[in-house]
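In this note's numbering, the protein residues as written are 7 to 262.
All residues carry an ideal CB built from backbone N, CA and C; glycine is no exception.
Since the structure is predicted, the reported quantities are computational estimates derived from the model, not experimental observations.
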Amino acid sequence: MDYHHIKNKRGQVTIFIIIAVVLIGVALLFYFLLPKFQTRIVFDEDNPQDFIQMCLEEKIEDTVKTISLQGGSMEPTHHFTYDDKPIEYLCFTNENYKTCVIQQPLLRQHVEIEVENEIQGDVDICFSSLKDHYERRGFDVKMDPGRTSVEILPNRITTRFNYVLTVTKSITDRHDSFSITLNNNLYESIEIANSILEWEAIYGNADPRSYMLFYPDISVEKNLRDDGTKIYIISERDTENKFQFASRSLVTLPGY
């Protein structure tokens, strides 16, 4: 028996298997990523709003989700780590037997500004890309940048881009109504959070059950940690949307 020949054959089979696995991996990568990439580069010169929507909607969704899971801040400065996430203290005292002080009295406005600041770099890139697409098609383009504003409203979050785009070829078109609206009831979650924070600041505690009686589409959890910190988690029952934050108030020492 030619063992050397058999060994070579086994080596060749192993190489073919490795090559096949790599090719399958590359094929799967293109299958899952290429449609998304192609969607992102779709450009209709008559509808620049769609281009901006495709370019920025996912970024806004991801930003809102991250900020909501971290107590309303993109980079929490005073936080409690819970499930490997930094969660901002929205009411806090480091003293025992005392109620907390609310840290963000204008919570909704704070969250709006956090989202605006986080997405602004992507906004600039997307509008610059939009301008480039027109120029490559032979348009004369004038782009007047404007302020990006985020508004958290009942049942929705609307982002407006006060950019003015003027494009000229045979005729001149002016576009100045760029906006993206997400179906997200963060407004209600923040209203509930504000109420909980008032109870924490005055009485040192809040009862999640009372909120679920008035808001049957909302789930409210309270998790007590060893140092007296409470993590409140406000969830929409029909979606994966959550808003969670930390509070430390009226902490009593063990045995008292």
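For residue i, does the three-state DSSP call read helix, strand or coil?
i, result
"residue 252", "strand"
"residue 94", "strand"
"residue 243", "coil"
"residue 150", "strand"
"residue 121", "helix"
"residue 62", "helix"
"residue 141", "helix"
"residue 155", "strand"
"residue 203", "helix"
"residue 258", "coil"
"residue 212", "coil"
"residue 82", "coil"
"residue 77", "coil"
According to DSSP, which residues form a beta bridge with residue i?
i, result
"residue 218", "Answer by DSSP bridge pairing: none, since residue 218 is not bridged."
"residue 70", "In the DSSP output, where bridge partners are listed per residue, residue 70 has none listed."
"residue 194", "DSSP lists no partner for residue 194."
"residue 231", "Per DSSP, none; premise fails for residue 231."
"residue 108", "97"
"residue 238", "228, 251"
"residue 179", "173"
"residue 136", "Residue 136 is not bridged to any residue."
"residue 48", "In DSSP, residue 48 forms no bridge with anything."
"residue 165", "156, 186"
"residue 87", "92"
Using a Cβ-Cβ cut-off of 6 Å (strictly less than) and excluding sequence neighbours within five positions of residue i, which residues of its own chain qualify?
i, result
"residue 166", "155, 185"
"residue 225", "241, 243"
"residue 63", "186"
"residue 182", "170"
"residue 174", "146"
Apart from the five residues just before and just after residue i, which ones in its own chain have a Cβ nearer than 8 Å to its Cβ?
i, result
"residue 109", "84, 94, 95, 96, 97, 98"
"residue 207", "97, 105, 106, 107, 108, 255"
"residue 160", "191, 193, 194"
"residue 70", "121, 163, 188, 190, 192"
"residue 50", "56, 57"
"residue 123", "80"
Taking the Cβ atom as the reference point for each residue, do residue i and residue j lie within a distance shorter than 8 Å?
i, j, result
"residue 203", "residue 247", "no"
"residue 65", "residue 125", "yes"
"residue 216", "residue 249", "no"
"residue 86", "residue 235", "yes"
Report back the beta-carbon spacing between residue i and residue j to the nearest angstrom; my notes put them in contact at under 8 Å.
i, j, result
"residue 120", "residue 79", "6 Å"
"residue 251", "residue 199", "6 Å"
"residue 169", "residue 138", "Between residue 138 and residue 169 the Cβ distance is about 14 Å, and since that is not below 8 Å, they are no contact."
"residue 228", "residue 238", "6 Å"
With a threshold of 7 Å on Cβ separation, who are the neighbours of residue i within its own chain once the five nearest residues in sequence on each side are excluded?
i, result
"residue 162", "187, 188, 189, 190"
"residue 148", "172"
"residue 118", "156, 157, 158"
"residue 259", "102"
"residue 67", "188"
Please find out if some non-hydrogen atom of the ligand GTP comes closer than 7 Å to the beta-carbon of residue i.
i, result
"residue 106", "With respect to the ligand GTP, the structure shown offers nothing to examine, as it has no ligands at all."
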